[in-house]
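**Q** The structure's right below; bear with me while I get my questions together.
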Amino acid sequence: MKTIFHSDQYGHHVRTRLSGGSLVPALEIPDRARALLAAAEECTEAVLAPGAADLALIRRVHDADYLDFLATGFSRWSKRFPGNEELRPSLHPNAYMRRRPQDLLGQAGYYIADAASVLLADSWAAILASAATALDATRLVLDGDGAAYGLCRPPGHHAYRDQACGYCFLNNAALAASKARDSVDRVTIIDVDVHHGNGTQSLFYERDDVQTISIHADPATVYPFYAGYADEIGAGRGEGFNLNLPVPEGADDAVYRDAVGHAVSKARDFAPDVLVIALGLDQSQADPFACTAVTTEGFRRMGESLAGLRRPTVIIQEGGYPSPVLGANLAAFLTGFQESMA
Ligand code: ZN
49 MKTIFHSDQY GHHVRTRLSG GSLVPALEIP DRARALLAAA EECTEAVLAP
99 GAADLALIRR VHDADYLDFL ATGFSRWSKR FPGNEELRPS LHPNAYMRRR
149 PQDLLGQAGY YIADAASVLL ADSWAAILAS AATALDATRL VLDGDGAAYG
199 LCRPPGHHAY RDQACGYCFL NNAALAASKA RDSVDRVTII DVDVHHGNGT
249 QSLFYERDDV QTISIHADPA TVYPFYAGYA DEIGAGRGEG FNLNLPVPEG
299 ADDAVYRDAV GHAVSKARDF APDVLVIALG LDQSQADPFA CTAVTTEGFR
349 RMGESLAGLR RPTVIIQEGG YPSPVLGANL AAFLTGFQES MA
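Here the sequence shown is numbered in my numbering, starting from 49 and rising by one per residue.
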């Protein structure tokens, strides 16, 4: 298995996050990628840089006006607020007022769902590099590699068609699935990040050609709160093709083994031509967000289980935050996956 990674992803470096009303040091930081890259260098056969992002494909997944906002929003912001280093919205549309405004302050809240998703001077280059990473990993798999690992940062699975959310701007797993669909008939996305893949669910909610399965901490008590429940099963043609498997807070390796086993069995019924794994590592017992308790050994078994589908597989990095075992958990997952595929 090869790794795809682009160093432009380091340029997106947000310094703070809001937690319980206070600004505290950020967790979705470049050091995450450094730890993951060191692990990938150890346990995959090569690390390659992607080519330029395929903007035509990205425009099929995300709306043109949203992409324009991501590309130009920060420079507009810095002209209006000289010296400010962050575009971070302070107000948002809601169920009672949803017009798309012309004003930049209004647009910032319209296109960005929360205070976690911050744009900086170098963010757009990093976002495009992350998307290009996902697309090149997919190309490798479509060209015949059994699997590839896209070390994507910023992550993607919370991003909607026209809205950034939860540190995510472009939905890398959805881009990978869309690229794969240009060559094959059926794709399954299995998202194992501890947070529900709400953006991915939304993008494919009415489709029967891309099955979406997410295993995540119960949104009754864990972000993203507003989506991710078991009764969200898809709509229209997509009914029955979205599966949410919430696990309780504190879920351990045994709970995850059962949930991943169930996901694999549902994916096997669907019989995808390509599997996309949205690989969060924040289910770790050592993750700073620590809401579940997966061990490094648990990640190895998760990799083995998902390899059991025996499908060409694109592995896309999602969350997973700095801890002493972040790299070890990635290495365990990728090693378990590769040994089981061999
Ligand atoms: Zn997460």
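Note that the Cβ used here is the ideal one computed from N, Cα and C, for glycine as well.
1) Got a sec, what are the start and stop residues for the beta strand (DSSP E) Leu66 sits in?
2) Give the C-beta separation of Tyr253 and Gly214 to the nearest angstrom, bearing in mind that I take them to be a contact with Cβ-Cβ under 8 Å.
3) With respect to the alpha helix (DSSP H) encompassing Tyr114, which residues constitute its N-terminal and C-terminal limits?
4) What's the gap between the Cα of His244 and the Cα of Gly131?
5) With a 10 Å radius around its C-beta and 16 neighbouring C-beta atoms as the bar for buried, classify Ala379 as buried or exposed.
6) Within a Cβ cutoff of 7 Å, which residues of the same chain sit near Ala164, ignoring the five residues on either side of it in sequence?
7) Give the range of the alpha helix (DSSP H) segment to which His264 is assigned.
8) Look at the Cβ atom of Pro203, then the Cβ atom of Gly69, and state whether they are nearer than 8 Å.
9) Report yes if the C-beta of Glu366 is less than 7 Å from at least one heavy atom of the ligand ZN; otherwise report no.
10) Is it right to say Thr120 is buried, meaning 16 or more other beta carbons lie within 10 angstroms of its own, or is it exposed?
11) Rounded to the nearest angstrom, how far is the Cβ of Ala222 from that of Thr248, given a contact under 8 Å?
12) Residues in the same chain with beta-carbon distance under 7 Å from Arg285, minus the five sequence neighbours each way, listed in chain order, please.
13) In the DSSP assignment, find the unbroken alpha helix (DSSP H) run with Gln386 in it and report its ends.
14) Spatial neighbours of Ala161 within its chain, please: C-beta separation below 6 Å, excluding the five flanking residues on both sides.
15) Do Arg187 and Pro422 have their beta-carbon atoms positioned less than 8 Å apart in this structure?
16) What did DSSP end up calling Asp151 once you bin it into helix, strand or coil?
17) Cβ atoms of Gly154 and Ile363: under 8 Å apart, would you say?
18) Ile77 by DSSP, collapsed to three states: which one?
19) Please confirm whether Arg209 and Leu176 have their CB atoms less than 8 Å apart.
20) Is there at least one non-hydrogen atom of the ligand GTP closer than 7 Å to the beta-carbon of Asp241?
21) Taking buried to mean at least 16 other C-beta atoms within 10 Å of its own C-beta, is Gly288 buried or exposed?
22) Leaving out five residues on either side along the sequence, give the residues of the same chain with a beta carbon under 6 Å from the beta carbon of Tyr114.
23) Identify every residue that forms a DSSP beta bridge with Gln211.
24) Would Ser388 and Gly356 qualify as a contact pair, given that the criterion is a beta-carbon distance under 8 Å?
25) Pull up the CB-CB distance for Arg201 and Ala81, whole angstroms please, since I reckon it's below 8 Å.
26) For the candidate residues Asp184, Tyr144, Phe318 and Val109, whose alpha-carbon lies nearest to that of Phe217?
27) For Gly131, verify whether its CB is less than 7 Å away from any heavy atom of the ligand ZN.
28) Whole angstroms are fine: how far does the CA of Ser371 sit from the CA of Ser67?
29) Please name the residue, chosen from Gly194, Gly328 and Ser55, that lies closest to Ala390 on a Cα-to-Cα basis.
30) Between Asp266, Ala311, Phe318 and Ala104, which has its C-alpha nearest Pro296's C-alpha?
31) When every heavy atom of the ligand ZN is checked, does at least one fall within less than 7 Å of the C-beta of Gly328?
32) At what residues does the alpha helix (DSSP H) containing Val303 begin and finish?
33) With 16 as the cutoff for other CB atoms within 10 Å, does Arg147 come out buried or exposed?
34) Among Thr361, Val189 and Gly328, which one has its Cα closest to the Cα of Asn377?
**A** Reading from the atomic positions:
1) Translated into the one-based positions of the sequence shown, residue 66 becomes position 18. From DSSP, the beta strand (DSSP E) with Leu66 extends over Thr64 to Ser67.
2) Here residue 253 corresponds to residue number 205 of the sequence shown, with the count starting at 1. Here residue 214 corresponds to residue number 166 of the sequence shown, with the count starting at 1. About 18 Å; that fails the 8 Å criterion.
3) Against the sequence shown, residue 114 aligns to sequence position 66. Ala112 to Arg128 is the extent of the alpha helix (DSSP H) around Tyr114.
4) Walking along the sequence shown from the start, residue 244 turns up at place 196. Walking along the sequence shown from the start, residue 131 turns up at place 83. Whole-angstrom Cα-Cα distance: 36 Å.
5) For this step, residue 379 is matched to residue 331 along the sequence shown. Under this definition Ala379 is a buried residue.
6) As a position in the sequence shown, residue 164 is number 116, starting the count at 1. Taken in chain order, the residues that qualify are Arg65, Gly214 and Tyr215.
7) Looking up residue 264 in the sequence shown gives position 216. No alpha helix (DSSP H) contains His264, which is instead part of the beta strand (DSSP E) from Val258 to Ala265.
8) Here residue 203 refers to the residue found at position 155 of the sequence shown. Here residue 69 refers to the residue found at position 21 of the sequence shown. In this structure, Gly69 does not lie closer than 8 Å to Pro203 by Cβ.
9) The residue you call residue 366 lines up with position 318 of the sequence shown. Yes, the Cβ of Glu366 comes within 7 Å of a heavy atom of the ligand ZN.
10) Walking along the sequence shown from the start, residue 120 turns up at place 72. It is exposed - the Cβ of Thr120 has fewer than 16 other Cβ atoms within 10 Å.
11) Working through the sequence shown from its first residue, we reach residue 222 at position 174. Working through the sequence shown from its first residue, we reach residue 248 at position 200. Right, their Cβ atoms sit about 6 Å apart.
12) Counting from one through the sequence shown, the residue named residue 285 turns up at place 237. Excluding sequence neighbours, Arg285 sits near Glu254, Arg255 and Asp256.
13) By one-based count along the sequence shown, residue 386 stands at place 338. Residues Leu374 to Met389.
14) Counted from its first residue, the sequence shown places residue 161 at position 113. Within the same chain, Ala161 has close Cβ partners Gln211 and Cys213.
15) One cannot answer for residue 422 here, as it falls past the ends of the chain, which runs 49 to 390.
16) What you label residue 151 is simply residue 103 of the sequence shown in a count that begins at 1. Correct three-state label for Asp151: coil.
17) Looking up residue 363 in the sequence shown gives position 315. Looking up residue 154 in the sequence shown gives position 106. No, these two residues do not count as a Cβ contact at 8 Å.
18) For the purposes of this step, residue 77 is taken as residue 29 along the sequence shown, with counting starting at 1. Coil at Ile77, not helix or strand.
19) The sequence position of residue 209 within the sequence shown is 161, counting from 1. The sequence position of residue 176 within the sequence shown is 128, counting from 1. The answer is no: Cβ separation not under 8 Å.
20) In terms of ligand content, the structure shown lacks the ligand GTP and carries the ligand ZN instead.
21) Indexing the sequence shown from 1 puts residue 288 at position 240. When all chains shown are included, Gly288 counts as exposed.
22) For the purposes of this step, residue 114 is identified with residue 66 of the sequence shown, where counting begins at 1. Only Tyr159 and Asp210 meet the Cβ criterion.
23) Against the sequence shown, residue 211 aligns to sequence position 163. In the DSSP output, where bridge partners are listed per residue, Gln211 has none listed.
24) Reading the sequence shown from its first residue, position 340 is the one you call residue 388. Reading the sequence shown from its first residue, position 308 is the one you call residue 356. Yes.
25) Locating residue 201 in the sequence shown gives position 153, counting from the first residue. Locating residue 81 in the sequence shown gives position 33, counting from the first residue. Between Ala81 and Arg201 the Cβ distance is about 5 Å, and since that is below 8 Å, they are a contact.
26) For the purposes of this step, residue 217 is identified with residue 169 of the sequence shown, where counting begins at 1. Considering only alpha carbons, the answer is Val109.
27) What you label residue 131 is simply residue 83 of the sequence shown in a count that begins at 1. No.
28) On the sequence shown, residue 67 is found 19 positions in, with the first residue counted as 1. On the sequence shown, residue 371 is found 323 positions in, with the first residue counted as 1. Roughly 18 Å between the two C-alpha positions.
29) Stepping through the sequence shown from its first residue, residue 390 is reached at position 342. Residue Gly194 is the option with its Cα nearest to Ala390.
30) For the purposes of this step, residue 296 is identified with residue 248 of the sequence shown, where counting begins at 1. It is Asp266 whose Cα lies nearest to the Cα of Pro296.
31) Within the sequence shown, numbered from 1, the residue matching residue 328 stands at position 280. Yes, the beta carbon of Gly328 sits closer than 7 Å to at least one heavy atom of the ligand ZN.
32) Walking along the sequence shown from the start, residue 303 turns up at place 255. Start and end: Asp301 to Phe318.
33) Mapped onto the sequence shown, residue 147 falls at position 99. Classification for Arg147: exposed.
34) Here residue 377 corresponds to residue number 329 of the sequence shown, with the count starting at 1. The residue with the shortest Cα to Cα distance from Asn377 is Gly328.
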